[in-house]
Structure formats: C-alpha cells, structure tokens
Amino acid sequence: MELRTLASFVAVVDAGTVSAAAERVRVTQPALSRQLRQLERELGVDLFERVAGRLVLSAAGRSLLPLARDVLASAETLRTAARVQAEGGLDRVTIAAPATTLADVVSPFLASLRDDDPTPSVVETAALDVDDAMRRGADLVVTTRRPRRPLRCAALPELPVWAYVRADHAWADRGSVGLAELLEHDVVTVPPTFAARQVLDTAVEREQRWPVSLVEASSGTVAQALAAAGRGVAVVSDDVRYGLRGLRVRSGGADLAVRLFVAWSSTHPAEASLAALADRLRTFVVAAYPADTRVTPAR
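Reminder that position 110 of the sequence shown reads as 111 in our numbering, one-by-one numbering, no gaps.
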C-alpha cells in the first residue's frame with residue numbers, strides 16, 4: 002500500500018469530487034481514479050458509492066477514513082522529524098486558525114517573523130476541530146476551545162466582540178452598549194460557525210432577549226460594510242474598517258469577548274520550537290491589542 006493512494010482517498014473526501022481532488026493534488030482525473038481503485042483492491046472494500054451521480058463515502062469508507070488520516074499524519078511526523086534532524090530545527094510551520102483570526106491576528110504576526118524563522122503556511126480551520134486540523138498537517142492551531150491533553154496550549158488575550166456603528170450614529174461617542182439595547186436595533190453579524198456569533202448567541206440565550214432584526218453576512222468585513230451603508234449595527238470581532246466606531250457589548254456585567262488558545266502536539270518532533278513560537282504569538286497579540294482596546298473587566 003502506498004501513501005499516495007491513501008492521500009488520494011483523503012483528497013477526494015476533502016474536495017468532494019474526483020475532479021476537484023485531482024486539481025488539488027495535481028494529477029489527472031483518470032490517474033486519481035486508478036489510484037482509488039487500486040486502494041479499494043488492496044483493502045478489499047468499496048470506499049465510495051455513487052448516489053445521484055456523485056461519489057459518497059460507503060460505510061467502510063467512513064470507518065476507514067480516520068485511520069487513513071492517522072497513517073498520513075504519522076508519515077508527515079516522520080518527515081518532519083527527519084527535517085528537524087537534518088536542518089537542526091524546524092524549517093516549515095503550518096498554522097491553522099479561523100478566518101477572522103487569520104486575517105487580524107495570524108497574518109500580522111507572520112509579517113513580524115525573522116529571517117531564521119520557519120517558512121510559514123496557513124490553513125483556515127472553518128469547522129475543523131484541533132485534532133482534525135493537526136491530522137491535516139497543522140503544527141499550530143488557534144482555537145476558541147481549550148484543547149485537552151496530551152495537546153499543549155497557551156492562552157491568548159481575550160479579544161472583544163464589537164458593536165460597530167457609523168460616525169454619525171447616536172452611539173458613536175459611547176464606549177459600550179448593553180446587549181438589551183443593542184438587540185432593539187438591526188443587528189448585522191456573521192454565520193454561526195464564527196466565534197463572535199457563538200459568543201453573541203450564548204449571551205442572547207442567557208438573557209432570553211432576541212434581536213428585532215438580524216442580517217447574516219458572509220464575513221466580518223461584509224458585516225462592517227453593511228453597517229457603513231447604514232443597514233444596522235455590525236456585531237463582529239474583526240478589526241475596525243470603513244471608518245466605523247467600535248463599542249464593547251456588555252452582558253451580565255462583563256464585555257462579550259472571544260477567548261483564543263494556540264495548541265500544538267506535545268509529541269511533535271519540534272515541540273520546543275512550536276512552544277517558543279506560540280509564546281511569541283501570545284506576546285505579539287498583547288502588544289498589538291493593548292488592554293484598553295481589548296476587554297475591560299466589570300468594576
């Protein structure tokens with residue numbers, strides 16, 4: 002059994018179609034199809050079924066997929082360990098994070114890297130959990146949930162969920178707004194997969210108050226654009242854009258905020274280097290987002 006056939010199987014699952022997977026792994030579609038058939042012959046099971054003209058995982062495919070990912074992850078760990086031995090340190094690093102965090106936190110941090118730092122690449126985690134992101138090759142994962150052992154993690158500073166309004170809005174000169182008052186206005190926010198939306202939904206459920214109107218934008222940038230156009234108050238955790246003014250959102254005597262952690266494997270061949278990089282990311286966030294722009298504790 003070859004690793005490339007396992008990689009082809011996983012690529013088709015992740016991409017959704019053979020054609021999309023072939024483009025991703027840079028082989029022709031017929032070649033990728035042959036690799037899948039070869040793997041099915043070696044395993045003695047059908048990994049996919051054709052339903053309404055589309056390939057879907059069979060029961061056997063669903064069962065074997067996590068094992069295939071683990072084999073590929075172990076192989077990548079071996080490669081990384083070899084590179085660490087050959088180079089005397091980590092030469093490449095992959096960082097996974099949600100879209101907003103990639104744009105506002107990780108990307109600015111990457112711009113501060115030194116010449117002797119590992120060459121970085123980034124992956125948007127979307128709905129992936131930490132373990133899944135690491136199985137897909139991430140070395141460091143920024144997440145909103147504290148990872149469980151044996152993973153190691155460092156807590157990043159809390160980042161506020163902002164209510165953004167135009168400069169001519171009646172709230173423009175205020176520092177904060179209560180959740181109840183906010184929900185009396187049109188709210189423009191992000192989908193439930195975003196951490197800021199999850200924090201907002203939790204507070205809404207806790208207070209049993211509902212917005213008079215809620216518009217779901219595809220991203221924090223779009224939400225702010227709609228607020229700048231006068232379509233409502235943007236409730237996001239993104240950095241400010243379009244000349245808007247930011248207010249902290251108060252609920253239950255505290256500001257709504259997103260808590261972030263950066264996680265890595267304690268068994269990674271370059272664990273010490275990842276721990277040092279995670280600490281530098283934490284220090285960078287502290288400097289980039291001073292306490293007076295983050296969260297003010299209830300007094």
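Heads up, the beta-carbon is just placed ideally off N, CA and C, and yes, glycines get one too.
So, residue i versus residue j, is the Cβ gap smaller than 8 Å?
i      : j      : result
Val162 : Ala53  : no
Leu184 : Pro212 : yes
Thr144 : Val123 : no
Val189 : Leu160 : no
Met1   : Ser266 : Because the chain in this structure spans residues 2 to 300, residue 1 falls outside the shown range and cannot be described.
Val236 : Ala164 : yes
Val14  : Leu66  : yes
Thr6   : Leu40  : yes
Leu73  : Ala168 : no
Leu180 : Val250 : yes
Ala155 : Asp280 : yes
Leu152 : Ala82  : no
Leu33  : Ala271 : no
Val1   : Ala69  : Nothing in the structure corresponds to residue 1, since the chain is present only between 2 and 300.
Asp174 : Arg232 : no
Have a look at residue i and residue j and give me their C-alpha separation to the nearest angstrom.
i      : j      : result
Leu245 : Ala171 : 13 Å
Ala98  : Glu77  : 20 Å
Ala21  : Thr29  : 10 Å
Leu114 : Val142 : 17 Å
Val205 : Gly221 : 19 Å
Arg55  : Val191 : 31 Å
Glu208 : Pro148 : 28 Å
Val241 : Ser108 : 16 Å
Glu217 : Ala196 : 14 Å
Ser75  : Val234 : 47 Å
Gly17  : Glu43  : 23 Å
Thr120 : Ala139 : 13 Å
Glu182 : Ala224 : 19 Å
Leu201 : Ser177 : 15 Å
Tyr243 : Ala229 : 6 Å
Ala100 : Arg198 : 13 Å
Gly253 : Ile96  : 34 Å
Ala255 : Ala277 : 32 Å
Arg80  : Arg137 : 14 Å
Glu3   : Ala273 : 31 Å
Gly117 : Thr194 : Per the sequence presented here, residue 117 reads as Asp, with Gly not at that position. Rounded to the nearest angstrom, the two C-alpha atoms are 36 Å apart.
Thr102 : Ser214 : 27 Å
Val287 : Arg38  : 52 Å
Glu125 : Tyr290 : 22 Å
Arg1   : Pro158 : Shown here, the chain extends from 2 to 300; a query on residue 1 therefore has no answer.
Arg84  : Ser64  : 32 Å
Asp133 : Arg35  : 27 Å
Ala23  : Phe285 : 39 Å
According to DSSP, what are the bridge partners of residue i?
i      : result
Gly244 : Note: Gly244 sits in no beta bridge, so no partner.
Glu50  : Val57
Val236 : Ala164 and Thr190
Leu152 : Ser266
Leu141 : Ile96
Leu62  : Looking at the sequence shown, residue 62 is not Leu but Gly. Paired residues: none, contrary to the question.
Arg251 : Gly179 and Asp256
Leu215 : Val188
Ser34  : Beta-bridge pairing links Ser34 to no other residue.
Glu125 : Ala98
Thr81  : Beta-bridge pairing links Thr81 to no other residue.
Thr120 : Arg93
Assuming residue i contacts residue j (C-beta within less than 8 Å), just tell me the rounded distance between them.
i      : j      : result
Leu282 : Phe110 : 6 Å
Pro261 : His269 : For clarity, residue 261 is Leu in the given sequence; the question names Pro instead. 20 Å between Cβ atoms; not a contact.
Asp71  : Ala61  : The Cβ separation is near 16 Å, so there is no contact.
Following a CB-centred definition, is residue i positioned closer than 7 Å to any heavy atom of the ligand SAM?
i      : result
Ala134 : Looking at this structure, you won't find the ligand SAM or any other ligand, since it has none at all.
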